[in-house]
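Enquirer: Residue numbers (this note's numbering), protein chains in the order written: chain A, 272 to 591; chain B, 272 to 591. For every residue, glycine included, the Cβ atom is placed at its ideal position computed from N, Cα and C. Structure incoming, see below.
Protein chains: 2
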Amino acid sequence: MTPTHWIGIDIGATKILGCVLDPTGTIVYQKTVLTPQADPRSIEDALFDMARSLLVESNDAKTVGIAVAGWIDRSRRTVLFSPLLPWSMEPLAHNLSARLGLTVILENDANAAAWGEHEFGAGQSFDDFFLVTIGSGIGAGIVTDGLLLRGAHGLAGELGHTVVDPNGPPCPCGRRGCVNILASGRALQQHFEELRGVGLSVSQASEAGEEDAVTGYSITAAARAGDPIALQAFAEVGESLGRGIADLVMCHDPAAVILGGGVAAAGELLRGPTEASLRRCLVAHESVVQTEVLVALLGPSAGALGVAHLASLQGGPYTT
Amino acid sequence: MTPTHWIGIDIGATKILGCVLDPTGTIVYQKTVLTPQADPRSIEDALFDMARSLLVESNDAKTVGIAVAGWIDRSRRTVLFSPLLPWSMEPLAHNLSARLGLTVILENDANAAAWGEHEFGAGQSFDDFFLVTIGSGIGAGIVTDGLLLRGAHGLAGELGHTVVDPNGPPCPCGRRGCVNILASGRALQQHFEELRGVGLSVSQASEAGEEDAVTGYSITAAARAGDPIALQAFAEVGESLGRGIADLVMCHDPAAVILGGGVAAAGELLRGPTEASLRRCLVAHESVVQTEVLVALLGPSAGALGVAHLASLQGGPYTT
Chain A
272 MTPTHWIGID IGATKILGCV LDPTGTIVYQ KTVLTPQADP RSIEDALFDM ARSLLVESND
332 AKTVGIAVAG WIDRSRRTVL FSPLLPWSME PLAHNLSARL GLTVILENDA NAAAWGEHEF
392 GAGQSFDDFF LVTIGSGIGA GIVTDGLLLR GAHGLAGELG HTVVDPNGPP CPCGRRGCVN
452 ILASGRALQQ HFEELRGVGL SVSQASEAGE EDAVTGYSIT AAARAGDPIA LQAFAEVGES
512 LGRGIADLVM CHDPAAVILG GGVAAAGELL RGPTEASLRR CLVAHESVVQ TEVLVALLGP
572 SAGALGVAHL ASLQGGPYTT
Chain B
272 MTPTHWIGID IGATKILGCV LDPTGTIVYQ KTVLTPQADP RSIEDALFDM ARSLLVESND
332 AKTVGIAVAG WIDRSRRTVL FSPLLPWSME PLAHNLSARL GLTVILENDA NAAAWGEHEF
392 GAGQSFDDFF LVTIGSGIGA GIVTDGLLLR GAHGLAGELG HTVVDPNGPP CPCGRRGCVN
452 ILASGRALQQ HFEELRGVGL SVSQASEAGE EDAVTGYSIT AAARAGDPIA LQAFAEVGES
512 LGRGIADLVM CHDPAAVILG GGVAAAGELL RGPTEASLRR CLVAHESVVQ TEVLVALLGP
572 SAGALGVAHL ASLQGGPYTT
């Protein structure tokens, strides 16, 4: 019998979001738990518990997709490395598949979100686009000719560690002035704090439980209320983001760039300055072709939706 | 009857190189003429004459591929724009096809060269790589999952206009510090001249008929002879080239990067500093995976070889 429901789980540094969807992309059940701040085994247990509780709501699902904030190998079974979770060469899909008795595939969270937007969101009209996720860090998922680009090892789309300003602040990756350092949610907060002199401190935000969400929401709310400092912080993030995106547009020539991730909930506050910066960089390119700049539609569920669909496809939307 | 020979022509700013090859990629006839420095019509006439003379050597060829130093639309029939040739929205394939009575397809020269290396050269072992062509300008052709990446409009691979240093010298594209400005054959000459104080002037080189070849050859010869200024010029070009390539590696995750174009005839003089710069940028990436850096094998015929093969494939090596 063909399954009528799919299961997708998105694991980030702070929370695990799971959903059951029907083949139209409608979420029929959704659940969120906090990510255990402990060892790999307790995180795996939390994912197992999440999958089990989703299966209670959809006992005909045959596949489980897991979107991970990390680098996933091309076979979609191993977490090669995660900057936020304590995994290195972790055979996560193998382990969970054995425990659940179901097919489990992994995908990078930005790739999964890009696929979600392609199937059910802002990317439905485009076979060549990329999604840039702007959260605590920056990721990207690239769809080309209607297929998800993975690269030779599964690591394609690391826009966050391309360089906008080689004289910029140092990045943990070893380079300076990466998009990640200049245009992420953390960068938004830093710009805001620097401009304000004193400000919303990281420790205050952390006490609220969700550091980046609180930061993003607070600054977005201030910008919506017309706070010039918050607007300037968005302008600076948009400037750097547009420049980073411009380089990827030159190499990839998409029909559209879609902005997603937590910070993109700010909508036009982020899209406007980003598009303006991008257009300033693309004068020659745009004398010939146009690239649309859109905001993602699926919100925080994009990764779970995308990876649920990816898991349902035999072999996935890849050429090989 | 299946054709046993293919025809490929590569048109650049200074010369037109045509070849007839057999399906093993062996060149059975080759011819070069100077590019007319006049109007679009006289260039088209030169291409027509070239195709006719190649057909005399291979009267069973049914397709003609033309690699163009410019932007080609996705249908492979129109030159959207060329920075070096007087074409804009030129229906070149249509015009030549009507005059020759054969199928004619166009392709960007770096894309064509990448495909040539994939089929017959240094890219034969790789389904995910990119070729960077370092000539008077910088181009790139991206092969992903064994297919040539074109992008939404056919313009993918414009690595030359990604930015290495936003405070660098201005580029005609409107940005500053593009790879093209810092790492091309022209940049090599400029670095050399600046370091030497006085030097090989553009006018002297131009008098010899092939500005970039003379420049490249002269500086390469000096570097081979141990000239510290020439070696430093290669070091500076390699440093910028490695940084630009690093950003594309982060986004594309290739198994290999292949250096081609006229300047790559310098071999290890260019490859060594470029690889060293790239490795410095890729510390985090390379903690997980390795990317090879190779020199192209096909020399100046890469584009003609590649486009001849592309033209022979019904629909081309694309997913759509």
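(1) With a threshold of 8 angstroms between beta carbons, is residue 349 of chain B in contact with chain A?
(2) Assign residue 525 of chain B to one of three DSSP states: helix, strand, or coil.
(3) In the DSSP assignment, the beta strand (DSSP E) including residue 304 of chain B goes from what residue to what residue?
(4) Where does the unbroken beta strand (DSSP E) through residue 288 of chain B begin, and where does it stop?
(5) Would you call the segment 400-418 of chain A and the segment 364-382 of chain A touching, i.e. three or more CB-CB distances under 8 angstroms?
(6) Anything in chain B within Cβ reach of residue 284 of chain A, meaning under 8 angstroms, just list it in chain order.
(7) Assign residue 483 of chain A to one of three DSSP states: helix, strand, or coil.
(8) Do you know how far the Cα of residue 368 of chain A is from the Cα of residue 528 of chain B?
(9) So is residue 290 of chain B in contact with chain A if we call contact Cβ pairs under 8 angstroms?
(10) To the nearest angstrom, how far is it from the Cα of residue 286 of chain B to the Cα of residue 375 of chain B?
(11) Put residue 366 of chain A into one of helix, strand or coil per three-state DSSP.
(12) Considering only the beta carbon of each residue, do residue 582 of chain A and residue 327 of chain A sit closer than 8 angstroms?
(13) Residues in the same chain with beta-carbon distance under 6 angstroms from residue 389 of chain A, minus the five sequence neighbours each way, listed in chain order, please.
(14) Residue 518 of chain A touches chain B at which residues, Cβ-Cβ below 7 angstroms?
(15) If you follow the beta strand (DSSP E) that residue 423 of chain A is part of, which residue opens it and which one closes it?
(16) If I follow the unbroken alpha helix (DSSP H) through residue 429 of chain A, where does it start and stop?
(17) I think residue 546 of chain B touches residue 559 of chain B, with their Cβ atoms under 8 angstroms apart; what is that distance to the nearest whole Å?
(18) Taking 8 angstroms as the cut-off, decide whether the C-beta atoms of residue 428 of chain B and residue 552 of chain A are in contact.
(19) At 8 angstroms on the CB atoms, spell out the chain A contacts of residue 523 of chain B, in chain order.
(20) Determine which residues of the segment 360-393 of chain A have a Cβ less than 7 angstroms from any Cβ of chain B, and write them out in chain order.
(21) Residue 338 of chain A CB to nearest chain B CB: under 8 angstroms?
(22) Only counting the same chain, and skipping five residues up and downstream in sequence, which positions put a Cβ closer than 7 angstroms to that of residue 593 of chain B?
(23) Looking at chain A, is there any beta carbon in it that lies within less than 8 angstroms of the beta carbon of residue 416 of chain B?
(24) Between residue 588 of chain A and chain B, is any beta-carbon pair separated by less than 8 angstroms?
(25) Does residue 478 of chain B have its Cβ less than 8 angstroms from a Cβ in chain A?
(26) On the DSSP bridge assignment, give the partners of residue 379 of chain B in chain order.
(27) Among residues of its own chain, excluding the 5 on either side of residue 325 of chain A, which ones have a beta-carbon nearer than 6 angstroms to its beta-carbon?
(28) Which residue's Cα is closest to the Cα of residue 391 of chain B: B:309, B:492, B:298?
(29) With a CB to CB cut of under 6 angstroms and the five nearest residues on each side skipped, what residues in its chain are close to residue 385 of chain B?
(30) Taking DSSP as the reference, what is the three-state secondary structure of residue 386 of chain B?
(31) Taking the continuous beta strand (DSSP E) assigned at residue 455 of chain B, which residues delimit it?
(32) Have a look at residue 435 of chain A and residue 329 of chain A and give me their C-alpha separation to the nearest angstrom.
(33) Using the Cα positions of residue 512 of chain A and residue 451 of chain A, report the straight-line distance between them to the nearest angstrom.
(34) Along the chain, where does the alpha helix (DSSP H) containing residue 316 of chain A start, and where does it finish?
(35) Excluding sequence positions up to five away, which residues of its chain have a Cβ less than 6 angstroms from the Cβ of residue 274 of chain B?
(36) Using the beta-carbon of each residue, which ones in chain A are nearer than 8 angstroms to residue 526 of chain B?
Expert: Quick answer:
(1) no
(2) Coil.
(3) Per DSSP, the unbroken beta strand (DSSP E) holding residue 304 of chain B starts and ends at 298-305.
(4) 286-292
(5) Short answer: they touch.
(6) The contacting residues do not exist; residue 284 of chain A stays about 17 angstroms from chain B at best.
(7) In this prediction, residue 483 of chain A has a pLDDT of 46, which is less than 50 and means its spatial position is unreliable; what the coordinates show is noted afterwards. It is helical.
(8) Taking the Cα positions, residue 528 of chain B is about 36 angstroms away from residue 368 of chain A.
(9) no
(10) Going from the Cα of residue 286 of chain B to the Cα of residue 375 of chain B covers about 20 angstroms.
(11) helix
(12) no
(13) 414
(14) 433, 434, 518
(15) It is not in any beta strand (DSSP E) - residue 423 of chain A carries neither H nor E in the DSSP assignment.
(16) Element bounds for residue 429 of chain A: n/a, residue is neither H nor E.
(17) Not quite, the Cβ-Cβ distance comes to about 18 angstroms (not below 8 angstroms), so this is no contact.
(18) no
(19) 420, 422, 427, 522
(20) none
(21) no
(22) Absent from the model: residue 593 of chain B. The displayed extent of chain B is 272 to 591, so no value can be given.
(23) yes
(24) No Cβ of chain B is located within less than 8 angstroms of the beta carbon of residue 588 of chain A.
(25) Only weak support is given to the placement of residue 478 of chain B: the predicted model assigns it a pLDDT of 43, under 50, and the question is left unresolved by the model.
(26) B:339
(27) 278, 289, 291
(28) B:298
(29) 402, 412, 414
(30) helix
(31) Where residue 455 of chain B is concerned, there is no enclosing beta strand (DSSP E), given that its DSSP letter is neither H nor E.
(32) 45 angstroms
(33) 9 angstroms
(34) 311-328
(35) 331, 332, 333
(36) Those within 8 angstroms of residue 526 of chain B in chain A are 423, 424.
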